[in-house]
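Beneath this line is the structure, given in structure tokens, with notes to follow.
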Amino acid sequence: MPPRPNPLIAQLAGELEPVRPLRMRHGLALVAVATMLTIAAIALWQGLWSGPANGQAAAIFFIANGLIALVGLAAARAVVRMAAPRVGARQDGLRWLLAALAILPVTALLLMALEGTVGRHDQATDGLNCFIAGTVSGIGVAAALILWLRRGAPVGPNVAGFYTGIAAGALGSFAHGMSCPFDTIGHLGIWHVAPVAMSAALGRIAVPALIRW
Amino acid sequence: MIADEPTFARLMIASQGGDRRAYTVLLTEAQFWLERFFRRHVPPAQIDDLVQDVLLAIHAKRATWDETRAFLPWLAAIARYRWVDHLRRVYRSSESELGNHDAPADSEEEAVLARMSLDRLFVQLSPAQCNAIELVKIEGLSVTEAAMRTGQSESLIKVNIHRGLRKLSALVEEAD
Numbered sequence: 009m010p011p012r013p014n015p016l017i018a019q020l021a022g023e024l025e026p027v028r029p030l031r032m033r034h035g036l037a038l039v040a041v042a043t044m045l046t047i048a049a050i051a052l053w054q055g056l057w058s059g060p061a062n063g064q065a066a067a068i069f070f071i072a073n074g075l076i077a078l079v080g081l082a083a084a085r086a087v088v089r090m091a092a093p094r095v096g097a098r099q100d101g102l103r104w105l106l107a108a109l110a111i112l113p114v115t116a117l118l119l120m121a122l123e124g125t126v127g128r129h130d131q132a133t134d135g136l137n138c139f140i141a142g143t144v145s146g147i148g149v150a151a152a153l154i155l156w157l158r159r160g161a162p163v164g165p166n167v168a169g170f171y172t173g174i175a176a177g178a179l180g181s182f183a184h185g186m187s188c189p190f191d192t193i194g195h196l197g198i199w200h201v202a203p204v205a206m207s208a209a210l211g212r213i214a215v216p217a218l219i220r221w
Numbered sequence: 722m723i724a725d726e727p728t729f730a731r732l733m734i735a736s737q738g739g740d741r742r743a744y745t746v747l748l749t750e751a752q753f754w755l756e757r758f759f760r761r762h763v764p765p766a767q768i769d770d771l772v773q774d775v776l777l778a779i780h781a782k783r784a785t786w787d788e789t790r791a792f793l794p795w796l797a798a799i800a801r802y803r804w805v806d807h808l809r810r811v812y813r814s815s816e817s818e819l820g821n822h823d824a825p826a827d828s829e830e831e832a833v834l835a836r837m838s839l840d841r842l843f844v845q846l847s848p849a850q851c852n853a854i855e856l857v858k859i860e861g862l863s864v865t866e867a868a869m870r871t872g873q874s875e876s877l878i879k880v881n882i883h884r885g886l887r888k889l890s891a892l893v894e895e896a897d
């Protein structure tokens, strides 16, 4: 005797409509647009620092902002992929990149302890401004990624929330970094990396509830 | 015999395009696959509910499968996610024994299933966490009964369940 047809399957088949598969490139494009809009808004609001174009920026400006941007892109890519689940997906590479980013604050703290570099080259109020502005600048990227995850099927909401925070904090800090004229390791290593840590914590706490399904 | 990876992928591509007949076959095959996937880790009386839950999830999230990737790892990830949710919900079941109704299967199917099975998640837990979850969440013992059976205190059983489920939740995609 043939097995009895499952009524739920008949119902779901009856409701079937064509769908457009979620493409990873669309998610990445969404993040790119959010980042560009953030940079454009900062350019209009504060103006971008002309130092890099004039050859006045120190090497650490390019190294720190480049590393922060790279972490943001890698985290955003990981989050975009998490919308389409699959057994076997790993984020090991991103962990190493985060460890590389940690070199910046560790170096800044070491120099501060050994030479007082941070104290000489940086004002705490400027640093605090960059910390707040960098964190707030990540809101657009965070919104884009949350929107993307809600369309998808993330099966690790806590990890997805954590990496959403990393991506938003890093890309927000990078966008704000284009307007910041302080190019010392003490300033960049602490106040421009702190938004990444803060956003990661916020993402881990707040995002899972928004993307659970 | 349950459908293989290429068959599932072909059916899913047609289903995403709106082919209802292909979708009926896909969901029916997915139902068989899921029944086998869950059979040693869910009491028989709860398997139907869990399978239905996963079928609904497949329907709601069918756009998240990309034809450039394999179908079964996608299905297994959704099944694991729903299973961990199910473990959280279930505190006690009237079923105390798990079925052992192994269906015959060819070796390739077994190999694919084994790579993504729920056992791969359990090996990541400590023995105490594994015991606590199996006894309370799967076999349906009370916390007191599980404590007596294992020699752990009741509070330790609760802690092990809590930490074990949290770890399982984090491992849904990674443990393969």
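Sequence order for the protein chains is C and Z. Following the numbering used here, the numbering of the first sequence begins with 9 at its first residue and continues without gaps. Following the numbering used here, the numbering of the second sequence begins with 722 at its first residue and continues without gaps. Every residue, glycine too, gets a C-beta built ideally from N, C-alpha and C. Predicted model only: the values in this text are computed from it and were never measured.
- In chain order, 785, 786, 787, 790 and 795 make up the part of chain Z whose C-beta sits under 8 Å from the C-beta of residue 92 of chain C.
- Within the same chain, and ignoring the five residues on either side of residue 139 of chain C in sequence, the residues whose Cβ sits closer than 7 Å to its Cβ are 199, 202 and 203.
- Contact check for residue 179 of chain C against residue 72 of chain C fails: the beta carbons are separated by 8 Å or more.
- DSSP, read as helix, strand or coil, puts residue 56 of chain C in coil.
- Sorting C/25, C/172 and C/144 by C-alpha distance to the C-alpha of residue 781 of chain Z places C/25 at the top.
- In the three-state scheme derived from DSSP, where H, G and I count as helix and E and B as strand, residue 190 of chain C is classed as coil.
- One finds 93, 161 and 163 in chain C with Cβ atoms closer than 8 Å to the Cβ of residue 799 of chain Z, taken in chain order.
- Bounds of any alpha helix (DSSP H) do not take in residue 99 of chain C, whose DSSP letter is neither H nor E.
- Residue 66 of chain C carries a coil assignment under DSSP once its states are collapsed to helix, strand and coil.
- Of the candidates Z/735, Z/890 and Z/746, the residue whose Cα lies closest to the Cα of residue 845 of chain Z is Z/890.
- Under the 8 Å criterion on CB atoms, residue 96 of chain C is classed as interfacial with respect to chain Z.
- A distance below 8 Å separates the beta carbons of residue 216 of chain C and residue 169 of chain C.
- Chain-order list of chain C residues neighbouring residue 738 of chain Z: 26, by C-beta distance under 7 Å.
- DSSP places residue 787 of chain Z in no alpha helix (DSSP H); its state is neither H nor E.
- Per DSSP, the continuous alpha helix (DSSP H) segment holding residue 767 of chain Z begins and ends at 765-781.
- Residue-level contact check: residue 212 of chain C does not touch chain Z, since none of the beta carbons of chain Z fall below 8 Å from its beta carbon.
- Distance between residue 20 of chain C and residue 776 of chain Z, taken at the CA atoms: about 9 Å.
- With distances taken between CA atoms, residue 768 of chain Z lies nearest to Z/753 out of Z/880, Z/753 and Z/792.
- By the criterion of a C-beta distance shorter than 8 Å, residue 99 of chain C is surrounded in its chain by 86, 167 and 171, once the five residues flanking it on both sides are discounted.
- The beta carbon of residue 733 of chain Z is closer than 7 Å to those of 747, 786 and 792 in its chain, skipping five residues each way along the sequence.
- Under the three-state reduction of DSSP, residue 76 of chain C is assigned to helix.
- Taking the beta carbon of residue 17 of chain C as reference, the chain Z residues within 8 Å of it are 745, 748, 749, 752 and 776, listed in sequence order.
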